[in-house]
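Input: a single structure, listed below in structure tokens.
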Amino acid sequence: MTDRQTDTPGRSRTGIVFFGRIMANVSHEFNNVITVISELAGLLKDLSLMAQQGREIQPKKVLSISENIAKQVARGKHLTSHMNRFSHSADEDCTGVDMQGVVENMLVLTDRLFKNRKSSIDFVLPEEACNLHTDPFELRRILFACLDCFLDASSPEVSVTLKRLDEKGTLELCITGPQGEVSKDFSAQIEELKRQTADLKGQLIFEQKDQQLRFRLTLPSNRE
Amino acid sequence: MAESMKVLIVDDEEDLIVTLVERLEIRGFEAVAVQTGKAALEQIQNSPFDVVVLDIKLKGEDGVEVMKRIKQIKSNLPVILLTGHMSKETNEEGLKAGAIDYIIKPINIDDLIVKLQEAVELYS
């Protein structure tokens, strides 16, 4: 396994911290899925015992419980599918990436984390394919860091838009939302994000106008 | 006595609380479930409960803060924290903040019932 181009000791640590935050959030969500399935299975057992004691159990009730279990299994599968995608983003440090898929992946994995901050993120789907050649893990890390920083200064409804800017395939991702309370180190966080974005040969611009905030993240179609 | 015990369940996971209410009612408890801290406080202000089962991580709310507000309304109402954490430190923080006990998800219904009964006995 070769060293990732963007790896330095500090950067590796940042990546590990990012990975840990995502996994902590997803594991909490996954545990909720297991808990619901466990309760539903327990209820089926309760009803079976009641039936053994001669009490009438409605077939519709049993069907409803089994459908609910199926719904939770689908929810769990959705989560593990995204966890798998996220985990494999670390396989290569420069490869073809579907940016829409990356955004969707991160929004699924951070849903509860950002909802816990009373934020809702609306992702406006791009009109055309948005592909680039870059480090998939670093891209996710920077996207998460941008959302995390942005939501510290804006709430509750934020929108994310994605589009191709030009014929060369440059992509632009915008995070837009109403201005909230801005912390003292917000400017320092933005400078750090700009530096990290530059590692992907991209650019981050912060705009503040008419009580609205915007991050404009532009990325070249090929990092190399 | 299970027949006279009224339980308030607070968790943002709707499918969980609906099922848990049903399972407790099968066992003779009276159970009410809500999904937010605000709804929990309204219930406690308007109805008598014997014990509260409260998720430590509600969406957009800190369960421990909700518990403290519950205690401000009804200081002698026992609260059992519902947690997904296996971390002893996290769970002990909840106990220090005033919870009488905690139970880890996924829930073992028999363990929960023992804890409900112990909580009510301690405060009666």
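So the sequence lines, in the order shown, correspond to chains A and B. Following the working numbering, the numbering of the first sequence begins with 71 at its first residue and continues without gaps. Following the working numbering, the numbering of the second sequence begins with 13 at its first residue and continues without gaps. Where is the CB? At the ideal position from N, CA and C, for every residue including glycine.
Residues of the stretch 100-114 of chain A with a C-beta less than 7 Å from any C-beta of chain B: Asn101, Asn102, Ile104, Thr105, Val106, Ser108, Glu109, Leu110, Gly112, Leu113, listed in chain order. If you check the CB distance, Lys69 of chain B and Gly75 of chain B come in under 9 Å. Under the three-state reduction of DSSP output, Asp192 of chain A falls in the strand class. For Ile82 of chain B, the closest Cβ of chain A is not nearer than 9 Å. Close partners of Asp116 of chain A in chain B (Cβ separation under 9 Å): Glu34, Arg35, Ile38, Arg39, Ile121. In this chain, the beta strand (DSSP E) harbouring Asp67 of chain B covers 63-67.
In this structure, the CA atom of Gln122 of chain A is about 14 Å from the CA atom of Leu113 of chain A. Considered as a whole, the stretch 203-250 of chain A harbours 227-234, 241-248 as its complete beta strand (DSSP E) runs of no fewer than 3 residues, in chain order.
Taking the C-beta atoms as reference points, Leu66 of chain B is found nearer than 9 Å to Met79 of chain B. One finds Lys71, Gly72 in chain B with Cβ atoms closer than 7 Å to the Cβ of Lys185 of chain A, taken in chain order. DSSP places Glu99 of chain A within a helical segment (H, G or I) once states are collapsed to three. Bridge pairing for Tyr114 of chain B: B:Leu93 [DSSP]. Non-local C-beta neighbours of Lys71 of chain B in its own chain, meaning closer than 7 Å and more than five positions away in sequence, comprise Asp24, ordered along the chain. Ser189 of chain A has its alpha-carbon roughly 14 Å from the corresponding atom of Glu251 of chain A. Put simply, the CB of Thr102 of chain B is far from chain A, with every gap to its CB atoms at 9 Å or more. Contact check for Leu270 of chain A against Thr204 of chain A passes: the beta carbons are separated by less than 9 Å. When 8 Å is used as the limit between beta carbons, Glu25 of chain B is near these residues of chain A: Asn102, Thr105, Val106, in chain order. Checking the DSSP bridge columns, you'll see Val22 of chain B partnered with B:Val46, B:Leu66. Among the bridge pairs identified by DSSP, Ile275 of chain A is matched with A:Arg286. Taking CB atoms only, Lys117 of chain B has a neighbour in chain A less than 9 Å away. Setting aside the 5 residues that flank it on each side, Phe100 of chain A is surrounded in the same chain by Leu149, each with a C-beta closer than 6 Å to its C-beta; the list follows chain order. Counting only runs of 3 or more residues that sit fully inside the stretch 151-181 of chain A, the beta strand (DSSP E) segments are 165-168, in chain order. Contact annotation, Leu241 of chain A with Leu289 of chain A: C-beta distance approximately 5 Å; criterion of less than 8 Å satisfied.
Between the stretch 174-182 of chain A and the stretch 212-225 of chain A there are three or more inter-stretch CB-CB distances shorter than 8 Å, so the stretches are counted as touching.
When the Cα atoms are used, Leu243 of chain A and Glu109 of chain A turn out to be separated by approximately 41 Å.
When the alpha-carbon of Ala45 of chain B is set against those of B:Leu124, B:Ile21, B:Leu134, the nearest one is in B:Ile21. Linking Glu77 of chain B to Ile119 of chain B through their CA atoms gives a straight-line distance of about 22 Å.
Counting along the chain, the unbroken alpha helix (DSSP H) around Ile260 of chain A starts and ends at 256-269. By the 16-neighbour rule on beta-carbons within 10 angstroms, Leu287 of chain A is buried.
Comparing C-alpha distances from Met153 of chain A to each of A:Val172, A:Ile139, A:Glu162, A:Gln142 shows the shortest one belongs to A:Val172.
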